[in-house]
Amino acid sequence: MSVSTQIPSFQNFKKIKESELLIRLQQGDEAAFKHLVNTHKDQVYNTCLGFLRNHHDAEDIAQEVFMKVYDSIGDFREDAALSTWIYRIAVTKSLEQIRYRKRQKRSGFFKAISSFFGNEGAEEVDGSNFMHPGLELENKERAGILFGEIEKLTEKQRTAFTLQKVEGLSYQEVADVMKMSVPAVESLLYRARENLKKQLHDYYQQNEMD
Amino acid sequence: MGSKKHIEHEVEKTLHALDRIERAQTDDFFYSRLQAKIEQQNEPALPQQSREFGFAFSVAAVVLILILNVASIYIHGNYTATEESSVVNYEEQLMADYQLFDLSYYTQTEE
Numbered sequence: 001m002s003v004s005t006q007i008p009s010f011q012n013f014k015k016i017k018e019s020e021l022l023i024r025l026q027q028g029d030e031a032a033f034k035h036l037v038n039t040h041k042d043q044v045y046n047t048c049l050g051f052l053r054n055h056h057d058a059e060d061i062a063q064e065v066f067m068k069v070y071d072s073i074g075d076f077r078e079d080a081a082l083s084t085w086i087y088r089i090a091v092t093k094s095l096e097q098i099r100y101r102k103r104q105k106r107s108g109f110f111k112a113i114s115s116f117f118g119n120e121g122a123e124e125v126d127g128s129n130f131m132h133p134g135l136e137l138e139n140k141e142r143a144g145i146l147f148g149e150i151e152k153l154t155e156k157q158r159t160a161f162t163l164q165k166v167e168g169l170s171y172q173e174v175a176d177v178m179k180m181s182v183p184a185v186e187s188l189l190y191r192a193r194e195n196l197k198k199q200l201h202d203y204y205q206q207n208e209m210d
Numbered sequence: 211m212g213s214k215k216h217i218e219h220e221v222e223k224t225l226h227a228l229d230r231i232e233r234a235q236t237d238d239f240f241y242s243r244l245q246a247k248i249e250q251q252n253e254p255a256l257p258q259q260s261r262e263f264g265f266a267f268s269v270a271a272v273v274l275i276l277i278l279n280v281a282s283i284y285i286h287g288n289y290t291a292t293e294e295s296s297v298v299n300y301e302e303q304l305m306a307d308y309q310l311f312d313l314s315y316y317t318q319t320e321e
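Protein chains in written order, with my numbering: chain A, 1 to 210; chain B, 211 to 321.
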């Protein structure tokens, strides 16, 4: 009778410690990778969606995040939690995508088309149609306005605000992802809120005048 | 005054619009799509040797086409020259075979 070396199923991994999961991932264990993806896919997708405000882009970038995890799991050192590391990749990839969009917007062809149709930018047009699926119906319109204003914040403020508000991370978790101290994150979030207040004030003032 | 208060109220409400947001979820086929993408990425790219072979092959193909073109021009030139001479020979041979007279004879007699 042969002894079968079965790969543990996804459910069997539930009680496995992170360090053990890491060892299996670094050995190229497919079941471990599947478990990792299924555990973190929603957190990654939601983070990307919070930044990109586009379902298709969020799905693409979420896949890229896990491809990066798959390729670089060997380089991962346990100085941070696995989920923190994955968040970092998700944030970096999302910001890269936003920068790529902006570059495209600046390029002549897109600029010409954009100005021809009288649009300021493709990103803003996409964002105005975006509705986050996790929002309550009564908040959808307001959230759309808020998302539009979040885009005008600096990258750091935007990152801290998105991670805290959309993904619901604590100050400590945001600090870990952004490799900052908790007071620095508190300060970032305070400034983000103040800027948003000003921007929203201008927005409503302008809309009232119109 | 009332308008300012109204705006401030709107700003506060909007700032809290994301307070009870729920996490967006992907569908159940996310892993399958990811797996397909990883497999696609891992497909071996063309090795250096086959790239070099591909370049050599394309150069050889261009050279061959050039040779064929030059050869066809040369052969066509020769063929037209022999064709013209063979037409003349053919007329003479036809006249001899069927014992035909020179047609210019009748024109000359008419005059």
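Heads up, the beta-carbon is just placed ideally off N, CA and C, and yes, glycines get one too.
From a predicted model like this one, the values you see are computed outputs, not experimental measurements.
Span of the alpha helix (DSSP H) around tyrosine 100 (chain A): Its alpha helix (DSSP H) spans residues 82–106.
Selection of the region 220–243 of chain B by Cβ proximity to chain A, strictly under 7 Å: Glu220, Val221, Lys223, Thr224, Leu225, Ala227, Leu228, Arg230, Ile231, Glu232, Arg233, Ala234, Gln235, Thr236, Phe240, Tyr241, Arg243
From A:Gln164, A:Arg193, A:Leu52, residue whose alpha carbon lies closest to that of phenylalanine 130 (chain A): A:Leu52
Within-7 Å CB hit, valine 182 (chain A) to chain B: no
Selection from A:Gln97, A:Thr84, A:Arg106, A:Lys152 that minimises the alpha carbon distance to alanine 170 (chain A): Note on identity: in this sequence residue 170 (chain A) is serine, with alanine being the wrong assignment. Per the C-alpha coordinates, the member of A:Gln97, A:Thr84, A:Arg106, A:Lys152 positioned closest to serine 170 (chain A) is A:Thr84.
Interface residues of chain B facing phenylalanine 66 (chain A) [CB-CB closer than 7 Å]: Leu244
CB contact below 7 Å: arginine 142 (chain A) versus chain B: yes
Partners in chain A for glutamine 250 (chain B), counting only beta-carbon separations shorter than 7 Å: In chain order: nothing, as chain A lies at least about 10 Å away.
6 Å Cβ shell around glutamine 324 (chain B) - same chain, five flanking residues per side excluded: A question about residue 324 (chain B) goes unanswered here, because the residues of chain B that appear run from 211 up to 321.
Best match in A:Leu22, A:Gln63, A:Lys198, A:Glu149 for proximity to aspartate 79 (chain A) [C-alpha to C-alpha]: Sorting A:Leu22, A:Gln63, A:Lys198, A:Glu149 by C-alpha distance to the C-alpha of aspartate 79 (chain A) places A:Leu22 at the top.
heavy atom of the ligand ADP below 6 Å from alanine 271 (chain B) C-beta: With respect to small molecules bound, the structure shown includes none, and the ligand ADP cannot be examined in it.
Sufficient close CB pairs (3 or more, under 8 Å) joining the region 147–165 of chain A to the region 182–190 of chain A: yes
Proximity to aspartate 238 (chain B) [Cα-Cα], best of A:His201, A:Lys34, A:Gln26, A:Ala143: A:Lys34
Integer Cβ distance of leucine 244 (chain B) from valine 69 (chain A), believed to fall under 8 Å: Beta-carbon to beta-carbon, leucine 244 (chain B) and valine 69 (chain A) are separated by about 10 Å, too far to satisfy the 8 Å threshold.
Where leucine 153 (chain A) sits in the DSSP three-state scheme: coil
Limits of the alpha helix (DSSP H) - the one that asparagine 38 (chain A) falls within: Where asparagine 38 (chain A) is concerned, the enclosing alpha helix (DSSP H) starts and stops at 30–52.
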